[in-house]
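*Asks:*
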Amino acid sequence: MNDDNPLFSDIYQVDVPASWTDHYGHMNEGYFVVAASDASWAFQAHLDIGTAYYDRTGCALVTVETHIRYLAEVSRGECLSFDSLVIAHDAKRLHIGHVFRVGERQCGTIECMWLHLDHKAGRTKPFPPDIDSRLAALAWKESPVWAARHIGLARGERR
Numbered sequence: 016m017n018d019d020n021p022l023f024s025d026i027y028q029v030d031v032p033a034s035w036t037d038h039y040g041h042m043n044e045g046y047f048v049v050a051a052s053d054a055s056w057a058f059q060a061h062l063d064i065g066t067a068y069y070d071r072t073g074c075a076l077v078t079v080e081t082h083i084r085y086l087a088e089v090s091r092g093e094c095l096s097f098d099s100l101v102i103a104h105d106a107k108r109l110h111i112g113h114v115f116r117v118g119e120r121q122c123g124t125i126e127c128m129w130l131h132l133d134h135k136a137g138r139t140k141p142f143p144p145d146i147d148s149r150l151a152a153l154a155w156k157e158s159p160v161w162a163a164r165h166i167g168l169a170r171g172e173r174r
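Here this note's numbering is used: the sequence shown runs in plain steps of one and ends on residue 174.
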């Protein structure tokens with residue numbers, strides 16, 4: 016792990032079940048999101064802002080945006096591993112990323128924008144100071160090249 020860019024390796028692993036694959040034996044795109052969601056739960060727990068945090072405070076992280084890239088096929092029975100990182104954060108938002116791979120072969124990335132939500136109040140609220148400072152220490156100094164990209168062509172652009 017690089018001090019400037021902390022990457023948490025193997026936050027979550029799953030052997031791809033047959034039910035997650037299509038007729039051709041490859042992992043169906045929807046199940047990448049299921050696996051990434053499970054990795055997000057594991058990453059939140061690792062950061063101490065998961066379900067135990069919710070039980071203590073009534074606050075939780077909710078996903079408001081995702082961006083996923085599929086880079087290589089994943090087949091039934093392969094072990095899919097997730098490495099996770101804090102890309103950036105501010106008072107109420109946390110931008111994270113997961114790199115998913117089989118062995119050393121990178122298969123994709125997903126990034127999520129989470130909001131810190133006070134469920135009792137029904138609105139967002141700033142992170143507590145201890146969590147805010149921990150997230151600041153973990154945030155990458157420079158975003159990975161694949162993060163915060165936009166999909167699509169500019170309006171009116173044709174090739």
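Using N, Cα and C, we set each Cβ at its ideal position, and we do this for glycine too. All figures in this text were calculated on a predicted structure; none of them were measured in a lab.
1) At least one CB of chain B closer than 8 Å to the CB of Ala152: is that the case?
2) With DSSP run on the structure shown, which of helix, strand or coil describes Asp37?
3) So, is Glu157 buried or exposed, given that buried needs 16 or more other C-beta atoms within 10 angstroms?
4) What are the boundary residues of the alpha helix (DSSP H) that Glu93 is part of?
5) Just list the residues that DSSP pairs His224 with in beta bridges.
6) Specify the secondary structure class of Phe58 as computed by DSSP and reduced to three states.
*Replies:* Taking the definition as stated:
1) Although the question refers to chain B, the structure presented lacks it and comprises just one protein chain.
2) If you number the sequence shown from 1, residue 37 lands on position 22. Here Asp37 sits in coil by DSSP.
3) By 1-based counting over the sequence shown, the position of residue 157 is 142. Its Cβ having fewer than 16 others within 10 Å, Glu157 is exposed.
4) Counted from its first residue, the sequence shown places residue 93 at position 78. Premise fails: Glu93 is in no alpha helix (DSSP H) and is neither H nor E.
5) The displayed coordinates of the chain run from 16 to 174. Any statement about residue 224 would go beyond what the structure contains.
6) Working through the sequence shown from its first residue, we reach residue 58 at position 43. Correct three-state label for Phe58: helix.
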